[in-house]
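Here the structure is laid out as structure tokens; the discussion comes afterwards.
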Amino acid sequence: MTLRLYNTLTRRKEEFVPLDPANVRMYVCGPTVYDYAHIGNARPVIVFDVLFRLLRHLYGAEHVTYVRNITDIDDKINARALERRGARNVPVLDVLRELTEETQAQYLADVTTLGNLPPTHTPRATDHVPQMIAMIAALIEGGHAYAANGHVLFDVASKSDYGKLSRRPLDEMIAGARVEVAPYKKNPMDFVLWKPSDENTPGWKSPWGRGRPGWHIECSAMAGDYLGETFDIHGGGIDLLFPHHENEIAQSECAHDGHPLAKVWMHNGFLQVEGEKMSKSLGNFVTIHDLLKDWPGDVLRVNMLKRHYRLPMDWTVIGMTESRNLLFEWLGQLTQEVADAVRLEPGRYVSADFVEALADDLNTHSALQEVHRLRNVAAHKPSRGAKLTLADSLQLIGLLPFNVSQSIQDLFPNPSADNNEIARAIEARNAARAAKNFAEADRIRDDLLAQGIQLKDSPSGTTWEVKR
RNA sequence: GGCCACGUGGCGGAGUGGUGACGCAGCGGUCUGCAAAACCGUUUACCCCGGUUCAAUUCCGGGCGUGGCCUCCA
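Per my numbering, the very first residue in the first sequence carries number 8; after that it's consecutive.
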């Protein structure tokens, strides 16, 4: 089994060879915590969680380190905190703390409901300011950064291969820039490493005065802290390609004697909602939190994995409905006994074709097709082995429920009638059928259907399920 | 304006220089008092215009469309 991953750095699918098979290391850019996470935020979380699980499967669970940070220093946070305080007479920094803690807790709850494993480390920017300051100092020392006007800026001209990830020629970017360039910059593309803070803005003591880090440095500092100078995989949304990831590379490599930051750079595609760009002004801004009121988390997960991670994806209600029906088909073949058996020995029964599909640049679409094939095998030639294979494959992508029947029930709205009531109605209907009183029998059936109960007759008796 | 990605049937989506993957939905059939479920079968496609070729959805060029990035949006 060889794992192949598309590397944005080379624009090619490459065979993945870990730097150290005993410790495969991955960093993914996490959220900036100022508001509920939306479904666009959910995509990289789910995609890289599947990669995390695959790496654990291939190299052993204890041989993979996954870091996903929390960015809790940011000007959007500052702005939101001021807004949130309003006219209240409380320190804005207290409000800000409250905001980031709340948002972070909500985020972690949301992504857990989506079936994602906790990363090995979830570092917060506020806990790593000394590391950032040290890195900035090293950059100045090495001639890659300069202090100007209370700010510290990265000197883009000091790195000859700046732009190698996004493959943007510097001069063209400058020509097309839409934003006014701060006068103290040596070069228009120079970016902020450190900037001064006033009393209403979080700030830390530094050699350059009380201030706060710029946007990109927190990822460089935390990645270096937990994963070392060079690690295996760096992931995030395609929108972060430039400038965020480009600048991470510039900072880290210059601070680390030119050692590369990550071997493989992976980027997930953008997400649209019902064919339109998701935006607050269009009113189609879908948060994970809201979505989970209407759909179980694993339906959203299936929906996300149906699409290859690099392609743009359109999120639609119809797509969600399809995903729910698929999941219903798959889970319907499982028993609790099988699910429990698989959980005891993860990876033992998984389908080789399924793993093969995932190993081909995380082709989850193709992997789910294999799941569907396994479902058909389990349905047509039921055997414990077939069920085990299906269950273990689902487990590998985080779709194996702890409580099978509960998860199946949760896929559809709960019926208003209780089980005894339904059993009595079925009895009455069958009595009517026996008496050839079909009008009465059909009335009872329609009545139940109106409550969301769909009857199914078979030679061995009448069963029911929640209407799909 | 610059750079980049994507464009396949009702929907989701593989894939290939020449026999129309597959899934969902639909349709037909078996079964059923009638339905549902189950099972069997099945219709519809490759954005447009050129070029290369015996042959292009597949290669090349040019359009068009959608989306992304271009200093803090995953």
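Think of the CB as a built atom: it goes at the ideal place given N, C-alpha and C, for glycine as much as any other residue.
Cβ-Cβ distance between residue i and residue j below 7 Å
{"i": "alanine 106", "j": "valine 99", "result": "It should be noted that the sequence gives leucine, not alanine, for residue 106. No."}
{"i": "tyrosine 34", "j": "valine 74", "result": "yes"}
{"i": "histidine 151", "j": "aspartate 162", "result": "yes"}
{"i": "leucine 403", "j": "valine 345", "result": "no"}
{"i": "tryptophan 337", "j": "arginine 380", "result": "no"}
{"i": "valine 411", "j": "histidine 45", "result": "no"}
{"i": "glutamine 376", "j": "alanine 228", "result": "no"}
{"i": "lysine 20", "j": "aspartate 297", "result": "no"}
{"i": "leucine 312", "j": "alanine 398", "result": "no"}
{"i": "tryptophan 215", "j": "alanine 116", "result": "no"}
{"i": "leucine 248", "j": "histidine 223", "result": "no"}
{"i": "arginine 18", "j": "aspartate 79", "result": "no"}
{"i": "lysine 394", "j": "alanine 385", "result": "yes"}
{"i": "asparagine 123", "j": "valine 40", "result": "no"}
{"i": "leucine 364", "j": "serine 373", "result": "One point to set straight first is that residue 364 is alanine, not leucine, in the sequence displayed. Yes, they are a contact pair."}
{"i": "phenylalanine 262", "j": "leucine 401", "result": "Looking at the sequence itself, residue 262 is alanine, so the reference to phenylalanine does not match. Contact flag unset, no."}
{"i": "tyrosine 66", "j": "proline 125", "result": "no"}
{"i": "arginine 440", "j": "alanine 448", "result": "yes"}
{"i": "glutamine 461", "j": "glutamate 472", "result": "yes"}
{"i": "histidine 64", "j": "glycine 354", "result": "yes"}
{"i": "leucine 455", "j": "alanine 432", "result": "yes"}
Presumed contact (8 Å Cβ cut-off) between residue i and residue j, rounded CB distance
{"i": "leucine 121", "j": "isoleucine 325", "result": "With 8 Å as the limit, leucine 121 and isoleucine 325 do not qualify as a contact, their Cβ atoms being about 20 Å apart."}
{"i": "leucine 406", "j": "valine 271", "result": "Their Cβ separation, rounded to whole angstroms, is 25 Å, which puts leucine 406 and valine 271 out of contact at 8 Å."}
{"i": "alanine 230", "j": "methionine 8", "result": "About 28 Å separates the two Cβ atoms, so there is no contact after all."}
{"i": "glycine 276", "j": "isoleucine 245", "result": "6 Å"}
{"i": "asparagine 76", "j": "glutamate 225", "result": "7 Å"}
{"i": "glutamate 253", "j": "serine 173", "result": "5 Å"}
{"i": "tyrosine 316", "j": "valine 54", "result": "4 Å"}
Assigned exposure category for residue i - 16 Cβ within 10 Å defines buried
{"i": "lysine 287", "result": "exposed"}
{"i": "lysine 202", "result": "buried"}
{"i": "phenylalanine 361", "result": "buried"}
{"i": "glycine 37", "result": "buried"}
{"i": "glutamate 352", "result": "exposed"}
{"i": "asparagine 156", "result": "exposed"}
{"i": "proline 267", "result": "exposed"}
{"i": "aspartate 101", "result": "exposed"}
{"i": "serine 167", "result": "exposed"}
{"i": "glutamine 258", "result": "buried"}
{"i": "proline 389", "result": "exposed"}
{"i": "asparagine 14", "result": "buried"}
{"i": "threonine 371", "result": "buried"}
{"i": "threonine 110", "result": "buried"}
{"i": "valine 118", "result": "buried"}
{"i": "glycine 242", "result": "buried"}
{"i": "threonine 470", "result": "exposed"}
{"i": "arginine 95", "result": "exposed"}
{"i": "proline 220", "result": "buried"}
{"i": "aspartate 56", "result": "buried"}
{"i": "tyrosine 169", "result": "buried"}
{"i": "proline 25", "result": "buried"}
Close Cβ partners of residue i (< 8 Å) along its chain, the five nearest in sequence each way excluded
{"i": "valine 306", "result": "Met327, Ser330, Arg331, Leu334, Leu418"}
{"i": "glycine 183", "result": "At glycine 183, the pLDDT of 47 sits below 50, so the modelled position is not reliable; the number obtained from the coordinates is stated separately. Excluding sequence neighbours, glycine 183 sits near nothing in its chain."}
{"i": "alanine 438", "result": "none"}
{"i": "alanine 278", "result": "Inspection of the sequence shows that residue 278 is occupied by leucine rather than by alanine. Closer than 8 Å at Cβ, skipping near neighbours: Ile46, Gly47, Arg50, Met285, Pro319, Met320, Asp321, Trp322."}
{"i": "serine 414", "result": "Pro303, Asp305, Leu338, Pro408"}
{"i": "glutamate 69", "result": "none"}
{"i": "glycine 235", "result": "Arg32"}
Close Cβ partners of residue i (< 6 Å) along its chain, the five nearest in sequence each way excluded
{"i": "isoleucine 143", "result": "Val159, Leu200, Trp201"}
{"i": "phenylalanine 238", "result": "Arg32, Ala269"}
{"i": "asparagine 85", "result": "Thr208"}
{"i": "leucine 61", "result": "Leu365"}
{"i": "lysine 474", "result": "Gly459, Gln461"}
Beta-carbon contacts of residue i that lie in its chain and below 7 Å, excluding the five residues immediately before and after
{"i": "histidine 128", "result": "Val74, Tyr233"}
{"i": "arginine 11", "result": "Lys20, Glu21, Glu22, Phe23, Ala366, Asp367, Asp368"}
{"i": "asparagine 291", "result": "Val280, Glu281, Glu283, Met285"}
Residue i CB to nearest heavy atom of the ligand ADP below 6 Å
{"i": "asparagine 426", "result": "You won't find the ligand ADP in this model; it holds no ligand whatsoever."}
### Message
Runs of 3 residues minimum, wholly inside the stretch 259-341: which ones carry the beta strand (DSSP E) assignment?
### Response
269-275, 278-280, 320-322
#### Entry: Complete beta strand (DSSP E) runs within the stretch 99-182 (minimum length 3 residues, chain order)
152-155, 158-161
### Query
Which runs of the beta strand (DSSP E) fall wholly inside the stretch 400-469 and span at least 3 residues, in chain order?
460-465
### Task
At 4 residues or longer, and completely inside the stretch 229-263: list those alpha helix (DSSP H) runs for me, N to C.
253-262
### Task
Would you mind listing the alpha helix (DSSP H) stretches within the stretch 10-94 that are 4+ residues and don't spill past its ends, in chain order?
46-66, 82-92
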